[in-house]
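Read left to right, the sequence shown gives residues 1 to 797 (the numbering used here).
Don't be surprised by glycine CBs; every beta carbon is placed ideally from N, CA and C.
Please read these numbers as outputs of a predicted model, since none were measured by experiment.
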Amino acid sequence: MGQVVRPTYRAFIVHAKADDALARALQRGLEDVLVPWALIGRDTPQGPVPKTLRPLFRLLAPAPAVMPERTVPERTAPAADASAVAGEPPAAPIPAAGESPAAAETPAPAASPTESSTVSPAPETVAATPPDTPILLAPAAPVLSDEAVAALVEARHLIVLCSPDAATSEVVDEAVRRFKSLGRGDRVVAVLAGGDPEASERTLCPPALARRLRPDGSVGDEPEEPVAPVVIDARSGRTPPSEVVMRIAATLLGLGVDEFRGPAERAVRNRRRLRGWLGAAAAILLVVGGGVAVVRFALPAHPPLFDAVLGGATEATLGTLAAAERLGLPPAAAIAIAEPAGAMLHDLATIGGDDPRLRLRRAAILLAFAQHRETLGLADGGRARVAAVETLLDPLSGERLDDLELVRELVGLRLAVATTRLAHGETDRALASARAALAGAERLAALDPSSPDRQRDLSRAATAMGDVLVARAALDDALRHYRAALAVRDKLAALDPASAPARRDLSVAHERIGDVAAARGALDDALKSYRAGLSLRLAAVDPAAGAGWQRSLSILYNKIGDAQMAQGAVEDALGSYRAGLALQLAVVDRADAQARRDLSVSYERIGDVLKAQRAHDDALAAYRASLAIRERLAAGDPPLRRWPRDLPVSQERIGDVLMAKGAAEEALAAYRTSLAARVRIATEAPSPAAQRDVAVAQSKIGDALAAKGQGAEALASYRAALAVSQQLALLDPANVQWQWELAVLHWRLASAGDEPAERYRAVVVTLRDLAARRKLSPEQSRWLPLAERELAKARGR
1 MGQVVRPTYR
11 AFIVHAKADD
21 ALARALQRGL
31 EDVLVPWALI
41 GRDTPQGPVP
51 KTLRPLFRLL
61 APAPAVMPER
71 TVPERTAPAA
81 DASAVAGEPP
91 AAPIPAAGES
101 PAAAETPAPA
111 ASPTESSTVS
121 PAPETVAATP
131 PDTPILLAPA
141 APVLSDEAVA
151 ALVEARHLIV
161 LCSPDAATSE
171 VVDEAVRRFK
181 SLGRGDRVVA
191 VLAGGDPEAS
201 ERTLCPPALA
211 RRLRPDGSVG
221 DEPEEPVAPV
231 VIDARSGRTP
241 PSEVVMRIAA
251 TLLGLGVDEF
261 RGPAERAVRN
271 RRRLRGWLGA
281 AAAILLVVGG
291 GVAVVRFALP
301 AHPPLFDAVL
311 GGATEATLGT
321 LAAAERLGLP
331 PAAAIAIAEP
341 AGAMLHDLAT
351 IGGDDPRLRL
361 RRAAILLAFA
371 QHRETLGLAD
381 GGRARVAAVE
391 TLLDPLSGER
401 LDDLELVREL
411 VGLRLAVATT
421 RLAHGETDRA
431 LASARAALAG
441 AERLAALDPS
451 SPDRQRDLSR
461 AATAMGDVLV
471 ARAALDDALR
481 HYRAALAVRD
491 KLAALDPASA
501 PARRDLSVAH
511 ERIGDVAAAR
521 GALDDALKSY
531 RAGLSLRLAA
541 VDPAAGAGWQ
551 RSLSILYNKI
561 GDAQMAQGAV
571 EDALGSYRAG
581 LALQLAVVDR
591 ADAQARRDLS
601 VSYERIGDVL
611 KAQRAHDDAL
621 AAYRASLAIR
631 ERLAAGDPPL
641 RRWPRDLPVS
651 QERIGDVLMA
661 KGAAEEALAA
671 YRTSLAARVR
681 IATEAPSPAA
691 QRDVAVAQSK
701 IGDALAAKGQ
711 GAEALASYRA
721 ALAVSQQLAL
731 LDPANVQWQW
741 ELAVLHWRLA
751 SAGDEPAERY
761 RAVVVTLRDL
771 AARRKLSPEQ
781 SRWLPLAERE
791 LAKARGR
């Protein structure tokens, strides 16, 4: 099977020297096209609509030589001043190791390098009736450079500027011939750039464009009708340059002109607004920067006023940036504005000295701008910024602050830090922040038990504690905190039965309790809690509030489906997952990374059900749909790193289905791709969870190698996984999941004949310990007697 071509260049522009000015203008215009966010990601015959038409490749042909009519031209090297001008990136793409795009995707050269040094025969007139066998002449030198050939192979479309000079240009003709010989004749755009306005378009086209190719790739005599799928007449201003760019852009995106025009014109208007937003952001920077002298001497004596000014400036800056980003502000530009703004605001806050209010403000500024970076997919430096926030907050114990409003601000910041640390996989630091937040919230609630706001803060802190404890597999303690949150939210909902926010909060409490029940294997209890949460969430629906309620409903449907799957109710699970998918598809904003990520999760869940039903081909299609969404997310500019595990998880799911189909070789490739990503994540952001993922990938590779009969290699993979799992088990002996996975790896090694007596003994010891602590599910409990029997067999040998 041939390799799938993934073109690097959106288009290859080829033109004669006489048309250079128009070619440059078209390249600039296309590179500046702002693809409307509403169109990005839409499926078209050309694939998903991209964020930009970059990069483009432009080839400038030399001054034309006369091309005799109806003769086979003698191939000569291009003139010395011929040049290939690339758009972005400036250099031709580097082929993957072991692969030459030019060699793999273009027709083989007519002669080998040694043959090309011989003298070519003179041009020969073609008879009125073409000979049966085409005349193949060895070129004295290549017409196109290797760079140009590689770029042609890597281009989605070909844009040909047609003119009298282009019609006789050997370079233009060869570029067209090669592109059409790749089977991409349906992706050619012809722009009539010069010549007599009344002349036939065919007289302005090089032979390879005007005539069809023979099966051997040479130019035949039969005319091409039409000369190209898209022909744009730009001679003598017949079509304005802006319209030419509009029509070409629509073609490159796989859209109709009218389909693209409306959103594109709105995008231009939004771009003007964007300049206004950027001007506002710049004004904020100027005000902040220019007001430093005034602030330094005037406001530090008034901390509350100073704090209000800084808080307002922070909100205004980030609000302006958020609006600008929705209108298409590139992440690099957003960072270029946000970084100096955040630094100036933080520096201003330090002028107030060690005043608790301003210390909190400095922490809030650092955290707000760190979170802004993460929403752009820039996780670098995030841990250092959060650590700086903690350094500011640690001395501010809630007991030391007399101003209760400051205590409440401190609680809110502690909760935000706990959430961020948990997202980074740093459960110890997350637990410390959550505990501090809970202590502050309990103090505030005790001082004023009748305050709904303080009670809600208490429930939020209890929920955060539960989230961290779930991540640490301390399910009993997590459940205690979730139930405390549920009790508070139940009372708040009773106080105001008509309050949609209160019902939503109560729904979340039921959902969290369901999560604990599901983790324990108490699936009936989990379903009961999830359905209670679903009922409350449906009652709290507010269509005017945007798409958030539909997304939250889809997540609950997915969790219900998970519990149904675990119960073996496969058809019910499929119905729940499809309900979640329908909600996602109804509201997915293709410019919203979170919405697209949620959509990928729904496809993944459906794949899980189909796999359980042994509908392997359908499962593979669902998993690949999920992977495609995640690959597009990962290809963002800059690459999104909010969900680094998603790609390796998709690869593992695909590998699992391939294993079930008996395609161990293909499964092994998928698992190894997953392992490479897992190792990179564990290196860039070390954490126990990342190490555990590496162990899982190694174990799956062992399974695939064992299925292929490569026993020694399988043992090596299992041992590598075991080494990581042993370290994790020692790190947290209370983590039930890690202890179970350690026992599974010992079992696999024992089954493969690797020290079976010692391995089965380790399995029995681990399972007995988990059983004594009542940590085994009913399904897991069945393995203990089996392990004891295998141990007896191994010792009896």
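_Extent of the continuous alpha helix (DSSP H) to which E222 belongs_ = First-last for E222: 219–223, but that is the beta strand (DSSP E), not the alpha helix (DSSP H).
- [ ] Please decide whether R454 counts as near chain D, where near means a Cβ-Cβ distance under 7 Å.
- [x] Going by chain labels, chain D is absent from the structure shown, which holds only one protein chain.
Identify every residue that forms a DSSP beta bridge with P162. Before going on, a small fix: residue 162 reads as Cys here, not Pro. Under DSSP, C162 shares a beta bridge with L192.
Note to self: Please report the straight-line C-alpha distance between D608 and D618, rounded to a whole angstrom.
What the structure shows: It is roughly 10 Å from the alpha-carbon of D608 to the alpha-carbon of D618.
Checklist entry - Along the chain, where does the beta strand (DSSP E) that runs through A11 open and close? => result Note, A11: beta strand (DSSP E), 9–15.
Open item on the list: Could you tell me the alpha carbon to alpha carbon distance between L742 and R414, rounded to whole angstroms?
Closed with: L742 and R414 have their C-alpha atoms spaced approximately 35 Å apart.
Note to self: Are the CB atoms of T251 and V189 within a distance shorter than 7 Å?
What the structure shows: Taking 7 Å as the Cβ cut-off, V189 and T251 qualify as a contacting pair.
What are the boundary residues of the alpha helix (DSSP H) that D153 is part of? First, the amino acid is wrong: residue 153 is Val here, not Asp. Taken as a continuous stretch (DSSP letters only), the alpha helix (DSSP H) holding V153 covers 146–153.
message: Would V763 and A787 be called neighbours here (beta carbons separated by less than 7 Å)?
response: By the CB criterion at 7 Å, V763 and A787 fall inside the cutoff.
For Y9 and A151, what's the separation of their Cα atoms in angstroms? Between Y9 and A151, the C-alpha separation is close to 7 Å.
Self-check item: Contacting residues, own chain, Cβ-Cβ under 6 Å from V862 (five flanking each side not counted)
Solution: Residue 862 falls outside the range modelled here, since the chain spans only 1 to 797, and no answer is possible.
| task | With a threshold of 16 other CB atoms inside 10 Å of the CB of Q737, please say whether the residue is buried or exposed. | result | So Q737 ends up on the exposed side.
Out of curiosity, what's the CA-to-CA distance linking L366 and E405?
-> In a straight line, the C-alpha of L366 is about 20 Å away from that of E405.
Could you give the first and the last residue of the continuous beta strand (DSSP E) run that contains V230? It spans 230–233 - the beta strand (DSSP E) in which V230 sits, taken as one unbroken run.
Taking the CB atoms as reference points, tell me whether P756 and A792 lie closer together than 7 Å. The answer is no: Cβ separation not under 7 Å.
* To do: Would you be able to state if there are at least three C-beta pairs under 8 Å between the segment 12–29 and the segment 614–632?
  => Taking 8 Å as the limit for Cβ pairs, the verdict is that the segment 12–29 does not touch the segment 614–632.
| query | In the structure shown, what three-state DSSP assignment does A47 receive? | reply | The sequence given here places Gly at residue 47; Ala does not occur at that position. When secondary structure is reduced to three states using DSSP, G47 falls in the strand class.
8 Å contact criterion, which E243 and V227 should meet: CB distance rounded: Actually they are not in contact, since the Cβ atoms of E243 and V227 sit about 20 Å apart, beyond 8 Å.
In the DSSP assignment, find the beta strand (DSSP E) that holds L59 and state where it starts and stops.
For L59, the enclosing beta strand (DSSP E) begins and ends at 56–60.
How about A418 and A439: do their beta carbons lie closer than 7 Å?
-> Contact: no.
- Task: Count the other C-beta atoms from every protein chain shown that fall within 10 angstroms of the C-beta of L581, then say buried if there are 16 or more, exposed otherwise.
- Result: Result: buried.
Original post:
If you drop the 5 nearest sequence neighbours on each side, which residues of the same chain put their C-beta closer than 8 Å to that of P733?
Top reply: Annotation for P733: Q739 place their beta carbon closer than 8 Å to its own, counting only its chain and skipping 5 residues before and after.
Margin query: Does the segment 708–716 come into contact with the segment 452–465, if we say contact requires no fewer than three beta-carbon pairs (one atom in each stretch) closer than 8 Å?
Written below: Short answer: they don't touch.
| request: Measure the C-alpha to C-alpha separation of E812 and I13 and round it to an integer number of angstroms. | output: The question about residue 812 has no answer here: the residues shown for the chain are numbered 1 through 797.
Could you tell me which of E684, M565, L358, V649 sits nearest to D524, measuring between CA atoms?
-> For D524, the closest C-alpha among the options E684, M565, L358, V649 is that of M565.
Notebook entry, point to check: Buried or exposed: where does A16 fall if 16 or more other Cβ atoms within 10 Å of its Cβ makes it buried?
Noted result: Sixteen is the threshold: when 16 or more other Cβ atoms of the shown chains lie within 10 Å of the Cβ of A16, as they do, the residue is buried.
Margin query: Quick test of the definition: if touching needs 3 or more C-beta pairs under 8 Å, does the segment 693–708 touch the segment 663–674?
Written below: Contact check between the segment 693–708 and the segment 663–674: three or more CB pairs, one atom from each, fall below 8 Å, which counts as touching.
Where D476 falls, given that 16 or more other Cβ within 10 Å makes a residue buried
Counting Cβ neighbours within 10 Å, D476 comes out exposed, since fewer than 16 surround it.
Open item on the list: Less than 6 Å between C-beta atoms, sequence neighbours within five positions excluded: which residues of the same chain meet that for A388?
Closed with: Sequence-distant Cβ neighbours of A388 in its own chain, meaning closer than 6 Å and more than five residues away, are L366.
Give the secondary structure of R156 by DSSP, where H, G and I count as helix, E and B as strand, and everything else as coil. Looking at R156 - three-state DSSP - the assignment turns out to be strand.
**Message:** Give the list of continuous alpha helix (DSSP H) stretches no shorter than 4 residues that lie fully inside the segment 705–785.
**Reply:** With a minimum length of 4 residues, the continuous alpha helix (DSSP H) runs that stay inside the segment 705–785 are 711–731, 736–751, 756–772, 778–781.
>> Assuming contact is defined by CB atoms lying nearer than 7 Å, are A193 and L161 in contact in what I supplied?
In response: In this structure, L161 lies closer than 7 Å to A193 by Cβ.
Would you grab the beta carbon distance between D173 and P206 for me? Rounded to a whole angstrom, and I think it's under 8 Å.
-> Correct: roughly 4 Å between the Cβ atoms.
Please name the residue, chosen from E31, N735, I629, that lies closest to L770 on a Cα-to-Cα basis.
The residue with the shortest Cα to Cα distance from L770 is N735.
Quick one: what does DSSP say L213 is sitting in, helix, strand or coil?
-> DSSP, read as helix, strand or coil, puts L213 in strand.
### Query
What are the uninterrupted segments assigned as alpha helix (DSSP H) that are 4 or more residues long and contained completely in the segment 526–567, given in chain order?
Under the rule that a run must span 4 or more residues, the alpha helix (DSSP H) segments found entirely inside the segment 526–567 read 548–567.
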